[in-house]
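Residue numbers (the working numbering): 1 to 562.
Printed below as a string of structure tokens:
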């Protein structure tokens, strides 16, 4: 297939890596599902079929396929209530439909459709201007059309507007709409959002603070210029970021989503693994280099096919009209001044952009994370927000360096040394606690309070009530005490911030007489906890009432005494 689809050959290494990751993810799903399935079938008797609700829970919550559930149970001579599974599936679908219908979105979509059918599309003027006039063609209050709208929340539609409607990840414009006339009685609307419905019906939403707007009158529309300027910078930065990521990570990187806000941006990309710190540093440096280059940002109208032929990036699955806007930035390295050379970045885009890349100012990546399997999200800042972020980070850095009494350049090595020292101290502390507890030290309010070893019904019982001991240290302590005793029962309760952790350990020669799980559950009940689990020789539990730690040990002692 490589001869017909050469891109498959180019992406062979990437596809192999993705397949390995998907296989690993499915293996985890399989292991988790088999464990849960075993727990559920353990509750059934005989050859009873697995309930449909349970099979659906495995599928819906844990991603365990129905056919796999059936295959596993078939080997056990057990079936699945498929009708019950289908009923649960349909119930979820109906609940989802009801939730959507009750959210108000269905009614809202209907009214925009009716208005759009009547008034047609809104002409967008915002590529050239931020201030314009427009005729009011519809007003909507509380989900219903009206001829007039006064004080309160209003949605207003005009025949033409400079306000950008939210789309392509870019947030809609804010600003002001003023009615006819002059003076204090002039109608005024503070626009808090602008959205596009049905392709090109622009809906301005906001609050009328004075006067009354009427259908048919001509109004003045003014976009919040400062906010629009910051939106332009963020949007242009996403184009530079996209190109830099493709150059650094590979051409498999495609846009999967974005948010373009005045104070921040995030950009979702297809990539099978986390982007390393080194890669992020290189990408950020590349974007800032392009910003400093201050190259012109140009826009051309083309057909979608022409745009792709020229090398423009189109979003997969996006619907384009007969004519599209192609936004280009920068030039090819070493080809400055060559008009025939392809630009650094070229994308199909209907958003608003800066005039020159230098208008972005400064670019700063602040985080990278996973949003779905094979999709990574990069969050960044531009302009003054990016500068402020760097200044804030420098303040933190200088403060930390001052607190540790080292130069900023030595901060990392000092922190690493402190962490190693902390690990050693924790190891020494844990060892000291184990020595004290296993030695029977106690009495008073120290870590080993709870009493010395005692004989209960001919069995050595070692109860200890501990404070400020991590729960993870209890099992090793119990093992050491049991080894010292040779034969007996150990019960340790650790209280931290009012909550109790409990471990019971039984020597192997006594497991037929005493079950650690049963004993730990008795103690957990006294502590206000539920359940407890483990093996006959070692079990653990917990409870919210640490004040009853001593009583929990007494309850276990009574159980031993019979």
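The C-beta atom is built at its ideal place from N, Cα and C for all residues, glycine as well.
| request: Verify whether the separation of the beta carbon atoms of residue 304 and residue 374 is less than 8 Å. | output: The sequence position of residue 304 within the chain shown is 304, counting from 1. The sequence position of residue 374 within the chain shown is 374, counting from 1. No. Outside cutoff.
Query raised in the report: With DSSP run on the structure shown, which of helix, strand or coil describes residue 64?
Result: The residue you call residue 64 lines up with position 64 of the chain shown. Looking at residue 64 - three-state DSSP - the assignment turns out to be coil, as it is neither helix nor strand.
Go through the segment 148-219 residue by residue and report every complete run of the beta strand (DSSP E) that reaches 3 residues or more, in order. The segment 148-219 contains these whole beta strand (DSSP E) runs: 152-158, 175-178, 188-197, 201-210.
Entirely enclosed alpha helix (DSSP H) segments - the segment 267-293, minimum 4 residues
Those alpha helix (DSSP H) runs which fall completely within the segment 267-293 and span 4+ residues are 277-293.
*In whole angstroms, what is the alpha-carbon distance linking residue 66 and residue 60?*
Within the chain shown, the letter at position 66 stands for residue 66. Within the chain shown, the letter at position 60 stands for residue 60. Whole-angstrom Cα-Cα distance: 10 Å.
Inset, instruction - To the nearest angstrom, report how far apart residue 495 and residue 554 are at their CA atoms. - result: Along the chain shown, one-based indexing puts residue 495 at 495. Along the chain shown, one-based indexing puts residue 554 at 554. Computed Cα separation, rounded: 16 Å.
**Message:** Here's the rule: buried if 16 or more other CB atoms are within 10 angstroms of the residue's CB, otherwise exposed. What is residue 346?
**Reply:** Reading the chain shown from its first residue, position 346 is the one you call residue 346. Residue environment analysis places residue 346 among the buried positions, since at least 16 neighbouring C-beta atoms fall within 10 angstroms of its C-beta.
Can you tell me which of the three DSSP states residue 327 falls into? The count along the chain shown starts at 1 and reaches residue 327 at position 327. If DSSP states are grouped into helix, strand and coil, residue 327 belongs with the strands.
### Query
With a Cβ-Cβ cutoff of 8 Å, do residue 223 and residue 173 count as a contact?
Mapped onto the chain shown, residue 223 falls at position 223. Mapped onto the chain shown, residue 173 falls at position 173. Yes; because the gap between Cβ atoms is below 8 Å, this pair is in contact.
inquiry  = For residue 80 and residue 27, what's the separation of their Cα atoms in angstroms?
reply    = Your numbering for residue 80 matches position 80 in the chain shown. Your numbering for residue 27 matches position 27 in the chain shown. Take the alpha-carbon of residue 80 and the one of residue 27: they are about 22 Å apart.
Report task. Using 10 angstroms around the beta-carbon of residue 415, count the other beta-carbons present and answer buried if the total reaches 16, otherwise exposed. Result -> As a position in the chain shown, residue 415 is number 415, starting the count at 1. Residue environment analysis places residue 415 among the exposed positions, since fewer than 16 neighbouring C-beta atoms fall within 10 angstroms of its C-beta.
query: Looking at C-alpha atoms only, which residue of 22, 19, 68 is the closest neighbour of residue 34?
result: What you label residue 34 is simply residue 34 of the chain shown in a count that begins at 1. Comparing Cα positions, the closest option is 68.
For residue 459 and residue 63, the rounded distance between their alpha carbons
Within the chain shown, residue 63 is the residue found at index 63, counting from 1. Within the chain shown, residue 459 is the residue found at index 459, counting from 1. Going by the C-alpha atoms only, they are around 48 Å apart.
Note to self: Whether or not the segment 218-233 and the segment 175-184 are in contact is what I'm after, with contact meaning three or more pairs of Cβ atoms, one per stretch, closer than 8 Å; do they touch?
What the structure shows: Result yes; three or more Cβ-Cβ pairs closer than 8 Å.
query: Considering residue 476, what are the terminal residues of the alpha helix (DSSP H) in which it resides?
result: In the chain shown, counting from the first residue as 1, residue 476 sits at position 476. Its alpha helix (DSSP H) spans residues 474-485.
With a 10 Å radius around its C-beta and 16 neighbouring C-beta atoms as the bar for buried, classify residue 344 as buried or exposed. What you label residue 344 is simply residue 344 of the chain shown in a count that begins at 1. Burial call: buried.
**Message:** Can you list, in chain order, the residues of its chain with a C-beta nearer than 8 Å to that of residue 186? Leave out the 5 residues immediately preceding and following it.
**Reply:** Within the chain shown, residue 186 is the residue found at index 186, counting from 1. Here residue 186 has 178, 179, 180, 210, 211 as same chain residues with Cβ atoms under 8 Å from its own Cβ, once five neighbours each way along the sequence are excluded.
By DSSP, does residue 304 sit in helix, in strand, or in coil?
-> Taking the chain shown and counting its residues from 1, one reaches residue 304 at position 304. Correct three-state label for residue 304: helix.
**Prompt:** Where does residue 499 fall in DSSP's three states?
**Reply:** Taking the first residue of the chain shown as position 1, residue 499 is located at position 499. In this structure, residue 499 counts as strand in the three-state DSSP scheme.
query = Going straight from the alpha carbon of residue 44 to that of residue 57, what length do you get?
reply = Taking the first residue of the chain shown as 1, we reach residue 44 at position 44. Taking the first residue of the chain shown as 1, we reach residue 57 at position 57. Distance between the alpha carbons of residue 44 and residue 57 is about 16 Å.
Select from 518, 521, 538 the residue whose C-alpha is nearest the C-alpha of residue 480. On the chain shown, residue 480 is found 480 positions in, with the first residue counted as 1. Looking only at 518, 521, 538, the smallest Cα-Cα distance to residue 480 is reached by 538.
Practice item. Grab me the residues of residue 257's own chain with a C-beta within less than 6 Å of its C-beta, minus the 5 sequence neighbours each way, in chain order. Key: Start at 1 with the first residue of the chain shown, and residue 257 comes out as number 257. Same-chain partners within the cutoff: 268.
Requested in this report: Taking only the alpha-carbon atoms, compute the straight-line gap between residue 36 and residue 390 and give it to the nearest angstrom.
Outcome: Stepping through the chain shown from its first residue, residue 36 is reached at position 36. Stepping through the chain shown from its first residue, residue 390 is reached at position 390. Distance between the alpha carbons of residue 36 and residue 390: 47 Å.
Boundaries of the beta strand (DSSP E) in which residue 138 is found, first to last residue
If you number the chain shown from 1, residue 138 lands on position 138. Segment 131-141, the beta strand (DSSP E) holding residue 138.
* Asked: Residue range of the alpha helix (DSSP H) that residue 378 falls in?
  -> As a working mapping, residue 378 is identified with position 378 in the chain shown. From DSSP, residue 378 is part of no alpha helix (DSSP H) but of the beta strand (DSSP E) over 375-382.
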